[in-house]
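A.B. asks:
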Amino acid sequence: MSVRVRMAPSPTGTMHVGTARAALFNWLFARHHGGAFILRIDDTDRERSTSEFEKEILGSLRWLGLDWDEGVGVGGPHGSYRQSDRLHRYREIASELVESGAAYYDDRPSDQLESLRQLAQKEGRHPGHYIRRPDISADSGVIRLAIPQEAPVVVDDIVRGSVSFEAPDIDDFVILRSNGTPTYHLASTVDDVDYDITHVARGEDLLPSTPKHILLTRAMGYVEPLYAHLPLLFGTDGRKLSKRHGATSLSEFRDDGFLPDAVFNYLAILGWSLDAETTVFSREQAIEAFELTDVSKSPAVFDPEKLTWMNGEYVRAMGSEEFTRLVRPDVERSVGRPLSHDEWERFEEIAPLVQERTKLLPEAGDQVTFLFNDIDEYDEKSWSKVMARKGVPAVLDEGLTRMSALEVWDAPSIEATLREMPESLGIGAGKAFQPLRVAVTGSSISPPLFESISALGRERTLDRIGRARQKLG
RNA sequence: GGUCCCGUCGUCCAGAGGCCCAGGACGCCGGCCUUUCAAGCCGGAAACGCCAGUUCGAAUCUGGUCGGGACUGCCA
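So in this note's numbering, spot 403 of the first sequence is number 563, and the numbers just go up one at a time.
1) At the level of alpha carbons, what is the spacing between A422 and T172?
2) My assumption, with CB atoms under 8 Å, is that R191 sits in contact with I447. Please give the rounded CB distance.
3) Runs of 3 residues minimum, wholly inside the region 256 to 298: which ones carry the beta strand (DSSP E) assignment?
4) How is E451 classed by DSSP in three states: helix, strand or coil?
5) Quick check on A407: does DSSP put it in helix, strand or coil?
6) Starting from the N-terminal side, write out each stretch of the alpha helix (DSSP H) that is 4 residues or longer and does not extend beyond the region 325 to 408.
7) Would you mind working out which of V455, L513 and R493 sits nearest S480, comparing C-alpha positions?
8) Using the Cα positions of W569 and A576, report the straight-line distance between them to the nearest angstrom.
9) Measure the Cβ-Cβ separation of F394 and F462 and say whether it is below 8 Å.
10) To the nearest angstrom, how far is it from the Cα of L392 to the Cα of L226?
11) Within 10 angstroms of its Cβ, does L452 collect 16 or more other Cβ (buried), or is it exposed?
12) Assuming T529 and V495 make a contact with CB atoms under 8 Å, what is their CB distance in whole Å?
13) If contacts are defined as beta-carbon pairs under 8 Å, then L622 and L560 qualify, I think. What distance do you get, rounded to the angstrom?
14) May I ask you to list the residues that DSSP assigns as paired with D317?
15) How about L375 and D332: are their beta carbons less than 8 Å apart?
16) Check the DSSP bridge columns for R206 and list the partner residues they point to.
17) Helix, strand or coil: which one does DSSP assign to L430?
18) In the structure shown, what three-state DSSP assignment does L520 receive?
19) What is the rounded straight-line gap between the Cα of R485 and the Cα of G472?
20) Could you check if Q630 is buried or exposed, using at least 16 other CB atoms within 10 Å of its CB as the buried criterion?
21) Beta-carbon within less than 8 Å of V383's beta-carbon, same chain only, minus the 5 sequence neighbours each way: which residues are those?
22) In three-state terms, what does DSSP make of R579?
23) Count Cβ pairs between the region 202 to 221 and the region 357 to 372 that sit closer than 8 Å; are there 3 or more?
24) D416 to H405, Cα distance in whole Å?
25) Excluding sequence positions up to five away, which residues of its chain have a Cβ less than 7 Å from the Cβ of Y474?
26) How would you call Q278, buried or exposed, if buried means at least 16 neighbouring beta carbons within 10 angstroms?
27) How about I587 and V600: are their beta carbons less than 8 Å apart?
28) If we count the other Cβ atoms within 10 Å of its Cβ and call it buried at 16 or more, is T343 buried or exposed?
29) How long is the line joining the alpha carbons of R618 and D539, rounded to whole angstroms?
30) Assign F189 to one of three DSSP states: helix, strand, or coil.
31) Please classify G235: does DSSP put it in a helix, a strand, or coil?
32) Taking the alpha carbon of F325 as the point to measure from, which residue in P371, G195 and M175 has its own alpha carbon closest?
33) Look up E230 in the DSSP assignment and say whether it is helix, strand or coil.
34) Pairs of beta-carbons, one from the region 195 to 204 and one from the region 228 to 247, closer than 8 Å: are there three or more?
35) Nearest-angstrom Cα distance between Y387 and A449?
36) Quick one: what does DSSP say V165 is sitting in, helix, strand or coil?
Quick look at the structure:
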């Protein structure tokens, strides 16, 4: 049978990077084997599921470039791929299991069950030792699966190897709530069977639930899929990745100026590697090399710094036209207004130089506002460090004179005349150029000087140098 | 508490008995380049948690120990 894998997010929140990483591995596995990647929505928790979250999740998946072959949004032979549309199916299975004796109704009140759990806790045993079919049978309440006590359940995990669970350590878990809705265990297991899922690759947090899913599948009369439990993602403090660690949802990364290719690449190296040497690689390379058997067993710390570095790699690798197109919104946001055609050409002139200096897209905007907005105030540190020195007025005067005399206003011409300044003034290059930089860009940190001056234009440049000169008195 | 998982540089990976006095990447430190900032290039510090055992030989196998984590819901 050909490979069929799925990704089954719950629309109870935004797309988390951990979920995205699991989706990515499933996608790579499907693409590598020429199989199908299916998107199912696990929305059995009606209280917390919303269509807004569902939309957000679909959008994030598309943004990352994980296209699915069947599922919500694209359809397929199995209906809506939304669990809330299949409640009748889960109820049907649940009653079949009750009829066959594999499951039973339980109407015990929650406080009674709670005391059983406390008893187990007190005796140092798994709750499974007490959460069992009561002597008195019921015909209402929740439905629990009766765990066969004969043999242990062995999970043959693709990444972890053989993991064994003793039957008494598995409780008779609820498959159908008293309100008739299925629990995650039931819905997920039924869907995996109905959708012919061959491999279930999911977070390691679900490993303890896997024996339950295996037993449920078998009780339904089917053979369970192959499982692969992926290592979890941690924050830099070694704890489970959460909001405390900054951005955790995919859309936040998108908004922060990360590129989907970079996020894809970074997520792929968390728990997997292309080979011993390569860190930056394409989707095609990843698809070619990916195998679930190569996935690491140990949890990975999500490192925003490395992601940022990788984003810079991708920013620099893209074509200059693409970069220009991509950063337009960021530039206009920094400038505070839409740019005219002429202004945009000014930006395009130095865009390649900005591109080299950009890791996150919004940074590009900050680098070029000087091209479009007047300098209301100079960067304080830059001014005190560069402009407060002796000889600066002379430098500005000399620069002004030289540039005023230029017939052609382009970077080579500007450079040619300014290059003569240090010698004619008898000062070092830094002392000659830094004051001009501050005068023209407002800061001692900027894109390369000659190109910046060229892009700014003659009138604005001369005006700004004049203003800085005036400020110096 | 119980069940289960994990344990190589600070971090992400490579390593499936000798190729490893452990390799690549981020970060860090130093240098080169340079008008600033980046980028680039060169170099450096930095790890097999610990203890036993198996073996001629162990990061790789086994046991123990310590540490971390997940789960322990009519949440997924």
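All C-beta atoms, glycine included, are put in the ideal place defined by N, C-alpha and C.
C.D. replies: Quick answer:
1) Counting from 1 along the first sequence, the entry for residue 422 is found at position 262. Counting from 1 along the first sequence, the entry for residue 172 is found at position 12. One Cα belongs to A422, the other to T172, and the distance between them is close to 26 Å.
2) As a first step, residue 191 must be located in the first sequence, where it is residue number 31. As a first step, residue 447 must be located in the first sequence, where it is residue number 287. Yes, R191 and I447 are in contact; Cβ-Cβ is about 5 Å, under 8 Å.
3) Fully enclosed beta strand (DSSP E) runs of no fewer than 3 residues occupy 263 to 266 of the region 256 to 298, in order along the chain.
4) For the purposes of this step, residue 451 is taken as residue 291 along the first sequence, with counting starting at 1. Coil, per DSSP.
5) On the first sequence, residue 407 is found 247 positions in, with the first residue counted as 1. Secondary structure at A407: coil, using DSSP grouped into helix, strand and coil.
6) Runs of the alpha helix (DSSP H) inside the region 325 to 408: 344 to 354 and 370 to 379.
7) Counting from one through the first sequence, the residue named residue 480 turns up at place 320. When the alpha-carbon of S480 is set against those of V455, L513 and R493, the nearest one is in L513.
8) Looking up residue 569 in the first sequence gives position 409. Looking up residue 576 in the first sequence gives position 416. Distance between the alpha carbons of W569 and A576: 11 Å.
9) What you label residue 394 is simply residue 234 of the first sequence in a count that begins at 1. What you label residue 462 is simply residue 302 of the first sequence in a count that begins at 1. For F394 and F462, yes; Cβs fall inside 8 Å.
10) Working through the first sequence from its first residue, we reach residue 392 at position 232. Working through the first sequence from its first residue, we reach residue 226 at position 66. Their backbone Cα atoms lie some 20 Å apart in a straight line.
11) Within the first sequence, numbered from 1, the residue matching residue 452 stands at position 292. Under the 10 Å beta carbon count, L452 is surrounded by 16 or more other beta carbons and is classified as buried.
12) Translated into the one-based positions of the first sequence, residue 529 becomes position 369. Translated into the one-based positions of the first sequence, residue 495 becomes position 335. Indeed, because the Cβ distance is near 6 Å, the residues count as touching under 8 Å.
13) Counting from one through the first sequence, the residue named residue 622 turns up at place 462. Counting from one through the first sequence, the residue named residue 560 turns up at place 400. Contact between L622 and L560 is confirmed by a C-beta separation of about 6 Å, below the 8 Å threshold.
14) Here residue 317 is taken as the residue at index 157 of the first sequence, counted from 1. Per the DSSP secondary-structure output, D317 pairs in a beta bridge with G321 and Y387.
15) As a working mapping, residue 375 is identified with position 215 in the first sequence. As a working mapping, residue 332 is identified with position 172 in the first sequence. Not in contact: L375 and D332 (Cβ atoms no closer than 8 Å).
16) Here residue 206 refers to the residue found at position 46 when the first sequence is read from its first residue. Its beta-bridge partners do not exist; DSSP assigns none.
17) Here residue 430 corresponds to residue number 270 of the first sequence, with the count starting at 1. Coil.
18) Numbered from 1 along the first sequence, position 360 holds the residue referred to as residue 520. When secondary structure is reduced to three states using DSSP, L520 falls in the coil class, being assigned neither helix nor strand.
19) Translated into the one-based positions of the first sequence, residue 485 becomes position 325. Translated into the one-based positions of the first sequence, residue 472 becomes position 312. Our two residues, R485 and G472, have alpha carbons roughly 17 Å apart in a direct line.
20) Residue numbering aside, residue 630 sits at position 470 when the first sequence is read from its first letter. Classification of Q630: exposed, given that the 10 Å Cβ count is below 16.
21) Taking the first residue of the first sequence as 1, we reach residue 383 at position 223. Setting aside the 5 residues that flank it on each side, V383 is surrounded in the same chain by T377, each with a C-beta closer than 8 Å to its C-beta; the list follows chain order.
22) Numbered from its first residue, the first sequence carries residue 579 at position 419. Three-state result, R579: coil.
23) Under the three-pair Cβ rule at 8 Å, the region 202 to 221 does not count as touching the region 357 to 372.
24) One-based indexing of the first sequence puts residue 416 at position 256. One-based indexing of the first sequence puts residue 405 at position 245. Whole-angstrom Cα-Cα distance: 15 Å.
25) The count along the first sequence starts at 1 and reaches residue 474 at position 314. Beyond the five residues adjoining it in sequence on each side, Y474 comes within less than 7 Å, by CB distance, of L419, D421 and A422 in the same chain, given in chain order.
26) On the first sequence, position 118 is the one that residue 278 refers to. Exposed, by the Cβ-count rule.
27) Taking the first residue of the first sequence as 1, we reach residue 587 at position 427. Taking the first residue of the first sequence as 1, we reach residue 600 at position 440. It is not a contact, given that the beta carbons lie outside the stated cut-off.
28) The residue you call residue 343 lines up with position 183 of the first sequence. Burial is judged here by how many other beta carbons sit within 10 angstroms of a residue's own beta carbon; T343 has at least 16 and is buried.
29) For this step, residue 618 is matched to residue 458 along the first sequence. For this step, residue 539 is matched to residue 379 along the first sequence. C-alpha separation (whole angstroms): 22 Å.
30) Counting from 1 along the first sequence, the entry for residue 189 is found at position 29. The answer is helix: DSSP assigns F189 an H, G or I state.
31) Reading the first sequence from its first residue, position 75 is the one you call residue 235. If DSSP states are grouped into helix, strand and coil, G235 belongs with the strands.
32) Looking up residue 325 in the first sequence gives position 165. That would be P371, whose Cα lies nearest to the Cα of F325.
33) In the first sequence, counting from the first residue as 1, residue 230 sits at position 70. E230 falls in the strand class under three-state DSSP.
34) Because the criterion of three Cβ pairs below 8 Å is met, the region 195 to 204 and the region 228 to 247 touch.
35) Taking the first sequence and counting its residues from 1, one reaches residue 387 at position 227. Taking the first sequence and counting its residues from 1, one reaches residue 449 at position 289. Cα to Cα, the separation comes out at about 20 Å.
36) Here residue 165 refers to the residue found at position 5 of the first sequence. DSSP places V165 in strand when its eight states are reduced to three.
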